[in-house]
Structures are given as structure tokens and as C-alpha cells.
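Engineer: In my numbering, the protein residues as written are 3 to 292. Where a beta carbon is used, it is the ideal one built from N, C-alpha and C, also for glycine.
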Ligand SMILES: O=C(O)CCC(=O)C(=O)O
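1. By Cβ distance, which residues of its chain are closer than 7 Å to residue 226, with the 5 residues on each side in sequence left out?
2. Please state whether the Cβ-Cβ distance between residue 147 and residue 154 is less than 8 Å.
3. Would you tell me roughly how many angstroms separate the C-alpha atoms of residue 290 and residue 281, rounded to the nearest one?
4. In terms of residues, what are the limits of the beta strand (DSSP E) holding residue 102?
5. Reducing DSSP to helix, strand and coil, say where residue 161 ends up.
6. Residue 131 lies in the alpha helix (DSSP H); which residues open and close that run?
7. Taking contact to mean at least 3 C-beta pairs separated by less than 8 Å, is the stretch 127-144 in contact with the stretch 190-205?
8. Are residue 70 and residue 63 close, meaning C-beta to C-beta below 8 Å?
9. Under the DSSP definition of a beta bridge, which residues are partnered with residue 258?
10. Contact check, residue 118 vs residue 164 under 8 Å by CB: the rounded distance?
11. Consult DSSP for residue 220 and reduce its assignment to one of helix, strand or coil.
12. Helix, strand or coil: how does DSSP classify residue 37 here?
13. Going by DSSP, which residues form a beta bridge with residue 139?
14. Got a sec, what are the start and stop residues for the beta strand (DSSP E) residue 267 sits in?
15. Can you give me the C-alpha to C-alpha distance between residue 284 and residue 277, rounded to a whole angstrom?
16. Please list the terminal residues of the continuous beta strand (DSSP E) segment that includes residue 87.
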């Protein structure tokens with residue numbers, strides 16, 4: 003299944019592949035210098051914060067995971083609005099999409115495969131599959147991903163199946179692929195795609211990646227940024243990243259604080275928006291233009 007998609011390919015070509023296979027790979031998406039800075043920051047933070055495996059089936063027994071990355075180092079702010087990735091996500095969701103979370107996933111030697119799952123499995127319990135993506139995941143390779151070192155396992159086309167992997171009638175004999183992509187590549191996939199972190203059968207290689215995940219603006223974020231990212235740290239983030247965190251209203255209504263946008267409450271007039279009223283005015287202006 004591995005093909006030679008690149009950052010130069012059109013957004014349409016990537017979207018067609020996601021519609022058909024459930025995923026695409028954007029090669030050369032991340033500049034080598036940024037790849038190194040991200041990986042170095044993760045490895046330094048793992049040491050400084052004493053990150054150890056969390057020992058759950060989902061999080062692994064030989065995997066170092068770190069959440070809430072935007073609060074941990076400024077370099078991670080370069081990821082959520084990256085120009086090679088965000089345009090794909092905005093087409094799959096819309097411009098009001100939210101950053102659902104960012105997780106560094108460093109899979110160590112001896113790790114077993116993570117159970118296959120869909121990242122929007124929680125929403126699939128309430129919706130009839132197949133459904134529109136309730137999560138879009140971009141998995142950034144910061145070291146080479148190989149079938150041996152824990153490269154993501156995935157089942158092409160499974161985003162279109164009526165079952166999640168946990169359903170009693172889920173197909174058993176499925177075509178599990180093991181991802182190989184060089185550092186600097188990003189796999190972007192539909193949240194219903196069956197996938198999981200791979201087994202690491204190497205003696206000494208750590209597979210380092212970051213999951214940058216997005217959800218529609220009307221869905222609850224997996225990681226809570228309002229409590230997780232201190233106000234003074236958030237104040238230094240680019241405006242587009244703050245929008246992705248939910249500091250603006252979705253469709254002029256969702257997420258308001260006593261009628262105002264969270265961004266206005268936290269950071270002042272540049273995020274000023276009043277629930278209902280501004281959306282109604284925008285609609286009226288559009289009607290007059292017609
Ligand atoms: O590490 C990976 O390759 C995938 C991780 C994953 O799917 C998850 O943690 O939900």
C-alpha cells in the first residue's frame with residue numbers, strides 16, 4: 003500500500019486517498035530542522051520529567067507517552083497549524099475544527115502491539131458507521147517508522163466498515179499493514195480507520211512520533227487545553243493555534259462564556275465575538291449582498 007505521496011501533491015489527491023483508503027502519507031512534510039528540534043525536545047522532556055510507561059493496554063508497557071505538549075515547550079506550537087497538514091484537516095472537518103490533543107509516543111524495544119481501534123471510537127458508539135470523521139489524526143514521524151520498530155499498524159479501507167474493531171461481529175481476518183515512513187513524514191487519517199501503535203521487535207530502537215489530533219468544532223476535545231495550558235503560556239501562542247484550541251466560537255454559538263468568546267475573555271478585543279448577535283449580523287450582511 004505504501005506509495006510515494008509528497009508534500010507537493012495536491013490537497014485533492016490526498017483527500018481522494020483518505021476517502022478511499024482512510025489515510026494518506028505526506029512525505030517531506032516537516033523540514034529536517036524542525037523534525038530534529040521536536041525530537042530533541044521530546045527526548046529532553048522525557049528525561050527531565052521522568053516519563054515512564056503508563057502500563058495500560060492503550061498506552062503500552064514499553065512506550066513513553068507525553069500529553070499536553072503545548073504547555074511543555076514552545077517548539078510544539080509549530081505543529082497544529084503546519085501548512086502541509088492543516089489544509090487537509092480543514093477540508094475534512096472545516097475551518098472551525100479544534101485541536102483535540104497532541105501526544106508524543108516513543109515506542110521502545112519489546113513493546114507489544116496496541117489493540118486496534120478507531121480514534122473516534124467514542125463517537126462511533128453514538129453514530130452509525132461509516133460516518134464523517136469525528137477525529138482526524140496526523141501522526142508525525144520524528145524518527146524513521148519501520149515495520150520492526152513500532153511503525154503504526156493500520157487496516158486500509160476499514161474507516162468504511164460498519165464495525166469498530168471492538169464490535170462482536172467485527173471481521174477477524176483483516177489486512178493489517180505495518181507503516182514504513184521516513185522521519186519528517188506525516189500520516190493523516192480518518193478517525194474511524196482501524197489502527198494502533200505497532201510492536202517494536204528491535205533490540206535498541208525507539209520509534210518517536212507525535213499524534214496531532216483534530217475534531218469538529220462541536221465535539222469535546224480529548225485533552226483539555228483551558229486547564230492544561232496556563233494562561234500566560236497560551237498568551238504566547240499564535241492566533242491560529244488559539245483558534246484551534248477553541249478560543250473562538252464555533253459557528254458563532256458554541257463555546258461561549260456568558261455570551262462572549264473565550265478568546266475575548268482571556269486575551270481581549272482581538273478575539274471579540276458575541277454569541278448569536280455577530281453571526282446574525284454576518285448572515286444579514288450576506289443576504290444584503292445577494
Ligand atoms: O503510535 C502509534 O503509531 C499509534 C498510536 C495510537 O493509535 C493511539 O495511541 O491512539
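Structural biologist: On the basis of the coordinates in this document:
1. Cβ neighbours of residue 226 within its own chain (closer than 7 Å, five residues either side excluded): none.
2. In this structure, residue 154 lies closer than 8 Å to residue 147 by Cβ.
3. If you take the alpha carbons of residue 290 and residue 281, they lie about 14 Å apart.
4. Following the DSSP letters along the chain, one finds residue 102 inside the beta strand (DSSP E) bounded by residues 100-109.
5. In the three-state reduction of the DSSP assignment, residue 161 falls in the helix class.
6. Note, residue 131: premise wrong, no alpha helix (DSSP H); not H, not E.
7. Three or more beta-carbon pairs separated by less than 8 Å link the stretch 127-144 to the stretch 190-205, which places the two stretches in contact.
8. In this structure, residue 63 does not lie closer than 8 Å to residue 70 by Cβ.
9. According to DSSP, residue 258 bridges with nothing at all.
10. The Cβ separation is near 16 Å, so there is no contact.
11. Collapsing the DSSP output to three states places residue 220 in coil.
12. In this structure, residue 37 counts as helix in the three-state DSSP scheme.
13. Partner(s): 191 and 215.
14. Boundaries for residue 267: no beta strand (DSSP E) harbours it, while the alpha helix (DSSP H) harbouring it runs 264-269, taken from the DSSP string.
15. For residue 284 and residue 277, the distance between alpha carbons rounds to 12 Å.
16. Counting along the chain, residue 87 falls outside any beta strand (DSSP E), and DSSP gives it neither H nor E.
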